[in-house]
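Following: one structure in C-alpha coordinates, then a few remarks.
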Amino acid sequence: MDSLVQFYFEQGLSSSTHRTYTTGINRFNKFCLVHDIKDPFPLSQTLLCYFVSYLANQGLSTGTIKVYLSALRHKQVSLGHPDPQHSSMPKLKLVTNGVTRAKAKQPSSSTGPSRLPITPTILHPGVPRGFDSDLPQA
21 MDSLVQFYFE QGLSSSTHRT YTTGINRFNK FCLVHDIKDP FPLSQTLLCY
71 FVSYLANQGL STGTIKVYLS ALRHKQVSLG HPDPQHSSMP KLKLVTNGVT
121 RAKAKQPSSS TGPSRLPITP TILHPGVPRG FDSDLPQA
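Counting from 21, one number per residue, gives the positions in the sequence shown under the working numbering.
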(Lines of atoms letter the chains of each structure in order from A and count residues from 1; the text may use other names and numbers.)
(Lines give C-alpha, C1' and ligand atoms only; values in the text may rest on other atoms or scores of the structure.)
Protein backbone atom coordinates (compact mmCIF):
# COMPACT_ATOMS: atom_id res chain seq x y z
CA MET A 1 0.00 0.00 0.00
CA ASP A 2 2.86 2.39 0.79
CA SER A 3 4.30 2.02 -2.69
CA LEU A 4 0.91 2.85 -4.22
CA VAL A 5 0.59 5.99 -2.09
CA GLN A 6 4.15 6.98 -3.02
CA PHE A 7 3.38 6.44 -6.71
CA TYR A 8 0.37 8.77 -6.61
CA PHE A 9 2.20 11.28 -4.45
CA GLU A 10 4.91 11.51 -7.09
CA GLN A 11 2.29 11.85 -9.81
CA GLY A 12 1.02 14.98 -8.04
CA LEU A 13 3.71 17.06 -9.75
CA SER A 14 4.27 17.58 -13.44
CA SER A 15 7.69 16.57 -14.76
CA SER A 16 8.73 20.21 -15.21
CA THR A 17 7.67 21.09 -11.67
CA HIS A 18 9.55 18.06 -10.39
CA ARG A 19 12.71 19.25 -12.20
CA THR A 20 12.32 22.76 -10.80
CA TYR A 21 11.72 21.43 -7.30
CA THR A 22 14.80 19.21 -7.63
CA THR A 23 16.85 22.31 -8.46
CA GLY A 24 15.45 24.07 -5.40
CA ILE A 25 16.19 21.09 -3.14
CA ASN A 26 19.72 20.91 -4.53
CA ARG A 27 20.23 24.62 -3.74
CA PHE A 28 18.93 23.99 -0.22
CA ASN A 29 21.27 21.01 0.23
CA LYS A 30 24.20 23.16 -0.89
CA PHE A 31 23.12 25.90 1.53
CA CYS A 32 22.99 23.34 4.36
CA LEU A 33 26.40 21.98 3.43
CA VAL A 34 28.02 25.42 3.29
CA HIS A 35 26.52 26.38 6.66
CA ASP A 36 27.14 22.98 8.29
CA ILE A 37 23.46 22.24 8.89
CA LYS A 38 23.17 18.50 9.46
CA ASP A 39 19.45 17.73 9.93
CA PRO A 40 17.32 20.53 8.46
CA PHE A 41 14.00 18.64 8.59
CA PRO A 42 11.54 19.39 10.02
CA LEU A 43 12.06 22.90 8.69
CA SER A 44 12.04 25.85 11.05
CA GLN A 45 10.97 29.38 10.28
CA THR A 46 14.45 30.65 11.20
CA LEU A 47 16.18 28.25 8.82
CA LEU A 48 13.83 29.21 5.99
CA CYS A 49 14.46 32.92 6.63
CA TYR A 50 18.20 32.28 6.40
CA PHE A 51 17.72 30.32 3.18
CA VAL A 52 15.59 33.06 1.61
CA SER A 53 18.20 35.67 2.54
CA TYR A 54 20.96 33.47 1.12
CA LEU A 55 19.11 33.04 -2.19
CA ALA A 56 18.34 36.75 -2.43
CA ASN A 57 22.00 37.53 -1.84
CA GLN A 58 22.86 35.07 -4.64
CA GLY A 59 20.76 37.23 -7.00
CA LEU A 60 17.75 34.94 -7.41
CA SER A 61 14.41 36.55 -8.16
CA THR A 62 11.60 36.57 -5.61
CA GLY A 63 9.58 34.29 -7.90
CA THR A 64 12.35 31.70 -7.97
CA ILE A 65 12.76 31.93 -4.21
CA LYS A 66 9.05 31.29 -3.70
CA VAL A 67 9.19 28.27 -5.99
CA TYR A 68 12.13 26.92 -3.99
CA LEU A 69 10.13 27.42 -0.79
CA SER A 70 7.32 25.40 -2.38
CA ALA A 71 9.85 22.69 -3.18
CA LEU A 72 10.92 22.57 0.46
CA ARG A 73 7.29 22.44 1.57
CA HIS A 74 6.73 19.48 -0.76
CA LYS A 75 9.87 17.77 0.54
CA GLN A 76 8.80 18.34 4.15
CA VAL A 77 5.40 16.76 3.50
CA SER A 78 6.98 13.86 1.61
CA LEU A 79 9.11 13.11 4.68
CA GLY A 80 5.98 12.92 6.84
CA HIS A 81 6.50 16.21 8.68
CA PRO A 82 3.76 18.82 9.16
CA ASP A 83 3.09 21.22 6.30
CA PRO A 84 5.09 24.43 6.95
CA GLN A 85 2.38 26.81 5.76
CA HIS A 86 3.59 30.28 4.88
CA SER A 87 0.72 31.77 6.91
CA SER A 88 2.00 30.11 10.09
CA MET A 89 5.44 31.69 9.60
CA PRO A 90 4.95 35.47 9.83
CA LYS A 91 8.67 36.26 9.96
CA LEU A 92 9.28 34.26 6.77
CA LYS A 93 6.49 36.18 5.06
CA LEU A 94 8.03 39.51 6.14
CA VAL A 95 11.52 38.46 5.01
CA THR A 96 10.15 37.35 1.63
CA ASN A 97 8.28 40.64 1.28
CA GLY A 98 11.48 42.47 2.23
CA VAL A 99 13.36 40.67 -0.54
CA THR A 100 10.64 41.69 -3.01
CA ARG A 101 10.85 45.34 -1.94
CA ALA A 102 14.65 45.42 -1.93
CA LYS A 103 14.82 43.89 -5.40
CA ALA A 104 12.25 46.40 -6.70
CA LYS A 105 14.61 49.21 -5.65
CA GLN A 106 17.59 47.69 -7.48
CA PRO A 107 18.13 48.80 -11.07
CA SER A 108 17.52 45.94 -13.45
CA SER A 109 19.50 45.25 -16.59
CA SER A 110 16.59 46.51 -18.69
CA THR A 111 16.90 49.94 -17.10
CA GLY A 112 20.67 50.07 -17.56
CA PRO A 113 22.53 52.72 -19.50
CA SER A 114 20.94 53.81 -22.74
CA ARG A 115 22.50 52.58 -25.94
CA LEU A 116 23.07 54.34 -29.21
CA PRO A 117 21.16 53.12 -32.25
CA ILE A 118 23.09 50.94 -34.68
CA THR A 119 23.71 52.88 -37.89
CA PRO A 120 25.47 51.95 -41.14
CA THR A 121 28.33 54.25 -40.10
CA ILE A 122 28.83 52.24 -36.92
CA LEU A 123 28.54 48.93 -38.77
CA HIS A 124 30.89 49.97 -41.59
CA PRO A 125 33.50 52.35 -40.15
CA GLY A 126 35.64 54.13 -42.65
CA VAL A 127 32.88 54.50 -45.23
CA PRO A 128 32.42 58.24 -45.87
CA ARG A 129 29.01 59.74 -45.10
CA GLY A 130 26.77 59.73 -48.12
CA PHE A 131 28.23 56.52 -49.50
CA ASP A 132 26.39 54.32 -47.02
CA SER A 133 23.43 54.07 -49.41
CA ASP A 134 25.56 51.66 -51.48
CA LEU A 135 25.85 49.31 -48.51
CA PRO A 136 23.54 46.31 -48.33
CA GLN A 137 20.40 47.04 -46.36
CA ALA A 138 19.29 44.71 -43.55
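Virtual Cβ for every residue (Gly too), placed ideally from N, Cα, C.
- [ ] Pick out whichever of Gln-126, Leu-67 and Pro-62 has its Cα sitting closest to the Cα of Gln-96.
- [x] As a working mapping, residue 96 is identified with position 76 in the sequence shown. Gln-96 has its Cα closest to that of Pro-62, out of Gln-126, Leu-67 and Pro-62.
Task: Residue nearest to Gln-105 in terms of C-alpha spacing, selected from Ser-64, Ile-45, Asn-46 and His-55 - done: Within the sequence shown, the letter at position 85 stands for residue 105. Checked all of Ser-64, Ile-45, Asn-46 and His-55; the closest Cα to Gln-105 is Ser-64.
Task: Of the residues Ser-73, Leu-99 and Thr-84, the one placed nearest Lys-111, counting alpha carbons only - done: As a working mapping, residue 111 is identified with position 91 in the sequence shown. Among Ser-73, Leu-99 and Thr-84, the Cα nearest to that of Lys-111 is on Ser-73.
- [ ] Would you give the residue range spanned by the alpha helix (DSSP H) that Gly-118 belongs to?
- [x] Against the sequence shown, residue 118 aligns to sequence position 98. First-last of the alpha helix (DSSP H) with Gly-118: 110–125.
Open item on the list: Rounding to the nearest angstrom, what Cα-Cα distance links Asp-103 and Lys-125 in this structure?
Closed with: For the purposes of this step, residue 103 is identified with residue 83 of the sequence shown, where counting begins at 1. For the purposes of this step, residue 125 is identified with residue 105 of the sequence shown, where counting begins at 1. Looking at the two C-alpha atoms, the distance is approximately 33 Å.
Open item on the list: According to DSSP, simplified to helix, strand and coil, what is Phe-61?
Closed with: The count along the sequence shown starts at 1 and reaches residue 61 at position 41. In this structure, Phe-61 counts as coil in the three-state DSSP scheme.
TODO: Return the CA-CA distance between Val-115 and Gln-78, expressed in angstroms with no decimal places.
DONE: Indexing the sequence shown from 1 puts residue 115 at position 95. Indexing the sequence shown from 1 puts residue 78 at position 58. Cα to Cα, the separation comes out at about 15 Å.
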